[in-house]
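The number in the working numbering is simply the position in the sequence shown, starting from 1, with 504 added. All C-beta atoms, glycine included, are put in the ideal place defined by N, C-alpha and C. Written out below as structure tokens is the structure these notes cover.
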Amino acid sequence: MVNNKKITQTTSKIYKNVINYAIRETKIKGRLELKRTFYLTTPIYYPSGKFHIGTAYTTVLADAIKRYHLLKGEDVYLLTGTDEHGQKIQEKAESLGKTPKEYVDEMAVMAKELWKKMKIEYDDFIQTTEPRHEKIVQKIFDYFMEKGDIYKGEYKGLYCVPCETFFTQSQLVNGKCPDCGREVREASEEAYFFNMKKYANRLLKYYEDHPNFIKPDYMKTEMINNFIKPGLEDLCVSRTTFDWGIKVLKDPKHVVYVWLDALTNYITALGFWSEDDSKFKKYWPANLHIVGKDIARFHLIYWPIFLMALDLPLPETILAHNWIVMKDGKMSKSKGNVIYPEELIDRYGLDATKYFLLREMPVSQDGVFSPESFVERYNSDLCNDLSNLLNRTVSMVNKYFEGKVPEYNGTPNEVDKELEEFAISQAKKFEEIFNNYEIANSIQEIWNLVSRTNKYIDETAPWALAKENQQSKLQSCMYHLIENLRKIAILIRPFMLETSDNILRQIGIQNENLISWQSLNDYDKIKNVKVIEKGEPIFMRVNVDEEIEYMQDLMKNR
Ligand code: MSP
């Protein structure tokens, strides 16, 4: 029997320590088992149009991190959703002859269809127009008002009368309205503000005491030097010039403005301050929020301050990634340089698309998408390196051992030993780098193992060993190739699941123990395994010129 009181005590103790563990009863063993929880989020997307590969990137990244933690046996929860209020959405819906709610609901369906196609395993999808979100945002707003953190003031800015919109100086184009090109004039409106200044020092101290809070490190320096040190501005949290938003209960001519509405989704989705807050208790604080650099400031400054004002623990890490850009800069329809994820998936497959997106994004600068770089990675990394390694191995095991993988002989020679150690250390290196959220670099380490294993074939020259009848060396060589392929298949599982399954099937590895993350430390457990009779290429070379032309045409003909 499980003692509920004990569970509650244990949970709250752990909760206080800010390390999340879910407690579950293992029926077989009849005892309590602690499982680490891992809560991660994507930004909630503006449903203002079709998602291009840039917006899909964050979700692919989140899904890969989720799957990695699942493979490590953790209790993982991934939240995504759509950010559905605001003037732009209202106008977009009107231009299509729809109500805003009709429009955002259709867009949410579109987003879910895309995530399904991309096999994104999210656990919850929140729409900010859902009552479960709206009600709690209203409560939070009220609470901040009562606490004195929100005060009434005046919003001043440059106003375009026909567009009924405020702009900042930097948003203007040639000093005129960026939307209609007409003159703007200084104007002001009544608005509520959140007193950010009050929390500035606490935030700086928090940054200092929690070195893992912001990744990469340089983002922290940017926040401190550009926004906090020069004097933190209070944030406008309500507007009266449009009404597609959450009404402020105590002053209903105001709607809650953007970031207070959007950021709180990370807790409202878990049931914070609602009747059933079990998920909130289990998963908060989040382990990871993933955001693009353009919204880093809101997550690294305003969100922690809102949480401090709510007396809640802060997330463990906020990862602010760079952008995927095209050779000629930002993706935009007018430039004719937008690529949609469906287009890459339909032609090159899901795994190749995910591989490219994750592999091409450096930590400290934008990743560039070009048809040339996509085709180059496809042909070189996936076909030449990975697919060929598998093919060569399967065909040699068939040729020399009738498909039966020789067992580990226990006494590896110098070359084999070096390869073995390299494979084990690469897996460790991958984890270290992945845990630091340097995903592209971590994938590079897997491909270093692929290259090293290909080189091993050239070094050991199995065809010569066969000719010279060096049976024991040949056996050991085949064993080591299969073992490395097994490891590579496990390492790519978080982002190339189908390819991983395919490799494992072709090398005859079906036993769960040999597919587990823990088994990356083993090097001698493969027994009674047969490779398939005729290897199947997992990726086939494509014609460079044809594919470049194909992608260029796609972008032009929108
Ligand atoms: N709704 C806000 C987020 C609120 S989160 C509480 C928003 N939405 S967005 O749809 O404009 O952007 C969503 C995410 O997509 C952001 O993290 C943004 O950085 C990311 N990206 C948009 N274009 C991108 C690229 N070209 N490359 C990589 N990420 C890109 O902001």
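With respect to the C-alpha of I994, the residue from K977, A970, Q974, S1020 having the closest C-alpha is S1020. When DSSP states are grouped into helix, strand and coil, T559 belongs to the helix group. Just so you know, the alpha carbons of P866 and K754 end up roughly 47 Å apart.
Apart from the 5 residues on each side of it in sequence, A691 sits with its Cβ closer than 6 Å to the Cβ of Y663 in its chain, given in chain order. Judged by DSSP secondary structure, E949 falls outside any beta strand (DSSP E) and instead within the alpha helix (DSSP H) spanning 943-964. Distance from the C-beta of A597 to the nearest heavy atom of the ligand MSP is not below 7 Å. Here the alpha carbons of S836 and R1062 stand approximately 11 Å from one another. Under the criterion of beta carbons closer than 8 Å, D653 and A813 qualify as touching, at roughly 5 Å. Excluding residues up to 5 positions away in sequence, I928, A931, K991, I994, L995 lie with their Cβ nearer than 8 Å to the Cβ of L1024 in the same chain. In this structure, the beta-carbon distance from A704 to C740 does not fall below 8 Å. Between G749 and F697, the C-beta gap is not smaller than 8 Å, which leaves the two residues out of contact. Under the three-state reduction of DSSP, I1042 is assigned to coil, being neither helix nor strand.
With fewer than 16 other Cβ atoms from the protein chains shown falling within 10 Å of its own Cβ, C684 counts as exposed. If you draw a straight line from the Cα of E712 to the Cα of K724, it comes to about 10 Å.
Every alpha helix (DSSP H) of 4 residues or more that sits fully in the segment 690-721 is shown, in chain order, as 704-713. Taken in chain order, the whole beta strand (DSSP E) runs of length 3 or more contained in the segment 832-913 are 871-873. Going by C-alpha positions, F555 is about 18 Å away from Y852.
In this structure, the CA atom of P817 is about 23 Å from the CA atom of F629.
DSSP places K1034 within a strand segment (E or B) once states are collapsed to three. Separation of R686 and Q594 (C-alpha to C-alpha, rounded to the nearest whole angstrom) is 21 Å. At least one heavy atom of the ligand MSP is found less than 7 Å from the C-beta of T559. The residue from F731, V759, N1015, I809 with its alpha-carbon nearest to that of T744 is V759. With contacts defined by Cβ atoms closer than 8 Å, Y859 and F999 form a contacting pair. Only residues of its own chain outside the window of five on either side were considered, and among them D587 have a CB closer than 6 Å to the CB of Y550, listed in chain order. Residue environment analysis places D1028 among the exposed positions, since fewer than 16 neighbouring C-beta atoms fall within 10 angstroms of its C-beta. In this structure E911 is in contact with Y983, their Cβ atoms being roughly 7 Å apart against a cut-off of 8 Å.
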